[in-house]
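Written out below as structure tokens is the structure these notes cover.
There are 2 protein chains.
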Amino acid sequence: MLETLRNHIEKIVPLTDHEFSFVLTQFTVEKFKKNEFLFQCGENVPYAYYVESGLLKLVYTDDRANEHIVSFAMEDWWESDFHAYFHQTPASMSLQCLEDTTVFCISPEGYQQLCREVPKMESFLLQKSNAGFIGAQQRILSLLTTNAKERYEQLIQQYPTLAQRVSKAQLAAYLGVSRETLSRFYS
Amino acid sequence: MLETLRNHIEKIVPLTDHEFSFVLTQFTVEKFKKNEFLFQCGENVPYAYYVESGLLKLVYTDDRANEHIVSFAMEDWWESDFHAYFHQTPASMSLQCLEDTTVFCISPEGYQQLCREVPKMESFLLQKSNAGFIGAQQRILSLLTTNAKERYEQLIQQYPTLAQRVSKAQLAAYLGVSRETLSRFYS
DNA sequence: ATTAAATAGTGAGGTAGATCACAGGGTATG
DNA sequence: CATACCCTGTGATCTACCTCACTATTTAAT
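As given, the protein sequences belong to chains H and B, one line each in that order.
Under full-length UniProt numbering, the first sequence has 48 at position 48, and the numbering climbs by one with no breaks.
Under full-length UniProt numbering, the second sequence has 186 at position 186, and the numbering climbs by one with no breaks.
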């Protein structure tokens, strides 16, 4: 199981056994049941999470109690409310399990420590962050340029497994469309 | 003028004179006139840009020739088509001047070099990238949760100067709303 | 096994915003 | 100074999508 994290990192930077054992000291492992919260809106955000197995949603609930899914996080993805995490402010979103999930957790101090002690990890995190930024910008572009039906088709093409793992209502909340409208797309 | 870049970096990490002079070796300075392109969709993306003065738009043109503005870049901002830049693939967007603009340019090799030779610069770039990611995610949230009028009001509150520097049509292309609809918001 | 609770489909009606068409004012260029 | 072009506002019509209401079906809980 620790190998999952190591393989993930070594896709980008090779690590010595010694380096990896230091990396491990900065992480803890936690398990959550379906529907449990890793943190909730308004709370402190103690960790950033690497998903070893399972599925999470990063979700914002607006004043009319509508849920909007900012991001899903499946195996091999990193997730948190990064604004709240880095600035140590209350979460503006919640992070919740859509399935039973196992995560590696790292505190903001652990993150700094890792960057300071293992420069290779800073390279790794920079590449992850750049990739995350590019992905987010592509999502913005998709929201600007395509209608809901096209976004739905893009999504099932890009993440075919996701559509089978989450309810249509969750997909709709991610796509920015109502459950009912989404339902009419494939009928 | 070189001080602009140094001050920008030193807001996050202090640099010795020696370090900064190495940093400078990785950059070139270029000037562009209003409406000029730094690169166009389909072309190679030679640089990432730090805006010393002026204003840029990162823009995607769809199949019906509608422009969609993924991002503006004012003084002190970094901009490029980062996917194309890092992966050395043809640009999917264009970067164009909305005003006469002076930029610092860094090639992908320069970027790598900088990270390798000056670890502090890697920290700097990681913080910038994280901030960029957080910003992009907030824009996604804004597109998911609010209507065009609310997004317009958010924008003029967050970047009051921007609304005075660009045409309403450009604002509309950024907000994801038609020029005509935007016009009706303040009348 | 029975009840309760999610989940998914569908009709009817309403609304935000798009699109098309046109007109007036500003400003750049010869 | 005149012509051309860009920018902005505004009316009229159209459409993608939302909201509300109801039903059917599957899944979870006692």
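Each residue gets a CB set at the ideal place from its N, CA and C atoms; glycine is no exception.
Every value quoted in this text rests on a predicted model; they were computed, and no experiment measured them.
field: Range covered by the beta strand (DSSP E) that runs through B:Leu-162
entry: Translated into positions along the second sequence, residue 162 of chain B becomes position 162. No beta strand (DSSP E) contains B:Leu-162, which is instead part of the alpha helix (DSSP H) from 160-165.
message: Is there a C-beta anywhere in chain H that falls below 7 Å from the one on B:Ala-136?
response: If you number the second sequence from 1, residue 136 of chain B lands on position 136. Yes, B:Ala-136 counts as interfacial toward chain H.
query: Which two residues bound the contiguous alpha helix (DSSP H) that contains B:Ser-129?
result: Working through the second sequence from its first residue, we reach residue 129 of chain B at position 129. Looking at the DSSP string, the run of the alpha helix (DSSP H) that includes B:Ser-129 is 119-145.
query: Which chain H residues sit within Cβ distance under 8 Å of B:Asp-62?
result: Counted from its first residue, the second sequence places residue 62 of chain B at position 62. Per Cβ cutoff of 8 Å: Thr-145.
field: Burial state of H:Asp-81 (16 or more Cβ within 10 Å)
entry: The count along the first sequence starts at 1 and reaches residue 81 of chain H at position 81. Under this definition H:Asp-81 is a buried residue.
- prompt: Under the three-state reduction of DSSP, which class applies to B:Ile-12: helix, strand or coil?
  reply: Locating residue 12 of chain B in the second sequence gives position 12, counting from the first residue. DSSP places B:Ile-12 in coil when its eight states are reduced to three.
task: Compute the beta-carbon to beta-carbon distance between residue 214 of chain B and B:Ala-48, rounded to the nearest angstrom, for a pair I have assumed lies under 8 Å.
output: Nothing can be reported for residue 214 of chain B, as the shown portion of chain B is limited to 1 through 187.
field: Minimum C-alpha distance to B:Met-1 - residue among B:Asp-63, B:Glu-79 and B:Glu-52
entry: The residue you call residue 1 of chain B lines up with position 1 of the second sequence. In terms of CA proximity to B:Met-1, B:Glu-52 leads the group B:Asp-63, B:Glu-79 and B:Glu-52.
- request: Would you check if the stretch 31-41 of chain B and the stretch 136-151 of chain B touch, i.e. whether three or more CB-CB distances between them fall below 8 Å?
  value: No: the two stretches stay apart, fewer than three of their Cβ pairs being nearer than 8 Å.
- prompt: Straight-line CA distance for H:Thr-161 to B:Gln-170?
  reply: Taking the first sequence and counting its residues from 1, one reaches residue 161 of chain H at position 161. Taking the second sequence and counting its residues from 1, one reaches residue 170 of chain B at position 170. Taking the straight line from one Cα to the other gives about 38 Å.
Any C-beta of chain H under 7 Å from that of residue 190 of chain B: The question about residue 190 of chain B has no answer here: the residues shown for chain B are numbered 1 through 187.
query: Three or more beta-carbon pairs under 8 Å between the stretch 5-12 of chain B and the stretch 177-184 of chain H, yes or no?
result: Cβ pair count under 8 Å is below three, so no.
message: Let's see if you can read the secondary structure: which residues bound the beta strand (DSSP E) around B:Ala-65?
response: The sequence position of residue 65 of chain B within the second sequence is 65, counting from 1. Per DSSP, B:Ala-65 belongs to no beta strand (DSSP E) and is neither H nor E.
query: Once you ignore the five residues that flank B:Ser-92 on each side, which residues in its own chain have a CB closer than 8 Å to its CB?
result: Numbered from its first residue, the second sequence carries residue 92 of chain B at position 92. Around B:Ser-92: Cys-41, Tyr-60, Asp-81, His-83 and Ala-84.
query: What residues in its chain sit with their C-beta under 7 Å from that of H:Arg-179, if we drop five residues either side in the sequence?
result: Counting from one through the first sequence, the residue named residue 179 of chain H turns up at place 179. Excluding residues within five positions, the ones whose Cβ falls inside 7 Å are Lys-168, Ala-169 and Ala-172.
- request: Buried or exposed for H:Ala-65, please, with buried defined as at least 16 other CB atoms from any protein chain shown within 10 angstroms of its CB.
  value: Position 65 of the first sequence, counting from 1, holds the residue named residue 65 of chain H. With fewer than 16 neighbouring CB atoms inside 10 Å of its own CB, H:Ala-65 falls in the exposed class.
field: Partners in chain B for H:Pro-119, counting only beta-carbon separations shorter than 8 Å
entry: Translated into positions along the first sequence, residue 119 of chain H becomes position 119. Under the 8 Å cutoff, chain B gives Pro-119 and Glu-122.
query: Cβ atoms of H:Gly-132 and residue 190 of chain B: under 7 Å apart, would you say?
result: Nothing in the structure corresponds to residue 190 of chain B, since chain B is present only between 1 and 187.
message: Can you pull the chain B neighbours of H:His-8, defined as C-beta to C-beta under 7 Å?
response: Here residue 8 of chain H is taken as the residue at index 8 of the first sequence, counted from 1. In chain order: nothing, as chain B lies at least about 18 Å away.
query: Would a check of beta-carbon distances place B:Val-13 closer than 7 Å to chain H?
result: By one-based count along the second sequence, residue 13 of chain B stands at place 13. B:Val-13 has a beta carbon lying at 7 Å or more from every beta carbon in chain H.
task: With a cut-off of 8 Å on the beta carbons, I'd call residue 215 of chain B and B:Lys-31 a contact; round off their distance for me.
output: With chain B covering 1 to 187 only, the question about residue 215 of chain B has no answer from this structure.
query: Taking the DSSP output, what are the residues bridged to B:Tyr-49?
result: The residue labelled residue 49 of chain B in the question sits at position 49 within the second sequence. Partner(s): B:Glu-79 and B:Cys-105.
Continuous beta strand (DSSP E) stretch holding B:Leu-38: start and end: The residue labelled residue 38 of chain B in the question sits at position 38 within the second sequence. Note, B:Leu-38: beta strand (DSSP E), 37-39.
task: List the residues of chain B whose Cβ lies closer than 9 Å to the Cβ of H:Cys-41, in chain order.
output: As a working mapping, residue 41 of chain H is identified with position 41 in the first sequence. For H:Cys-41, no chain B residue has a C-beta closer than 9 Å to its own C-beta; the minimum C-beta separation is roughly 12 Å.
- request: Answer with yes or no whether the minimum CB distance from H:Gly-132 to chain B is below 7 Å.
  value: In the first sequence, residue 132 of chain H corresponds to position 132, counting from 1. It does; some Cβ of chain B falls within 7 Å.
field: Minimum C-alpha distance to H:Ala-73 - residue among H:Asp-100, H:Gln-88 and H:Pro-90
entry: Here residue 73 of chain H corresponds to residue number 73 of the first sequence, with the count starting at 1. Nearest C-alpha to H:Ala-73: H:Asp-100.
B:Ile-9 to B:Trp-78 span [Cα, whole Å]: Numbered from 1 along the second sequence, position 9 holds the residue referred to as residue 9 of chain B. Numbered from 1 along the second sequence, position 78 holds the residue referred to as residue 78 of chain B. Here the C-alpha atom of B:Ile-9 lies approximately 12 Å from the C-alpha atom of B:Trp-78.
- request: Helix, strand or coil for B:Leu-55, going by three-state DSSP, please let me know.
  value: The residue labelled residue 55 of chain B in the question sits at position 55 within the second sequence. If DSSP states are grouped into helix, strand and coil, B:Leu-55 belongs with coil.
message: For B:Val-45, tell me which candidate among B:Glu-19, B:Asp-76 and B:Cys-105 has the shortest Cα-Cα distance.
response: The count along the second sequence starts at 1 and reaches residue 45 of chain B at position 45. The shortest Cα separation from B:Val-45 among B:Glu-19, B:Asp-76 and B:Cys-105 belongs to B:Cys-105.
Host alpha helix (DSSP H) of B:Ser-21 (start-end): On the second sequence, position 21 is the one that residue 21 of chain B refers to. Note, B:Ser-21: alpha helix (DSSP H), 17-25.
field: Residue-level contact to chain B via CB, H:His-18, 7 Å cutoff
entry: Your numbering for residue 18 of chain H matches position 18 in the first sequence. No, H:His-18 lies away from the interface with chain B (no Cβ there is under 7 Å from its Cβ).
Residues that B:Cys-115 bridges to, as DSSP identifies them: As a working note, residue 115 of chain B is residue 115 in the second sequence. Answer is none; B:Cys-115 lacks a bridge partner.
query: Any heavy atom of the ligand GDP within a distance shorter than 6 Å of the CB on H:Tyr-159?
result: As far as ligands go, the structure on display features none, and thus does not contain the ligand GDP.
field: Inter-residue Cα distance where the pair is B:Asp-17 and H:Asp-63
entry: Position 17 of the second sequence, counted from the first residue, corresponds to residue 17 of chain B. Position 63 of the first sequence, counted from the first residue, corresponds to residue 63 of chain H. Computed Cα separation, rounded: 51 Å.
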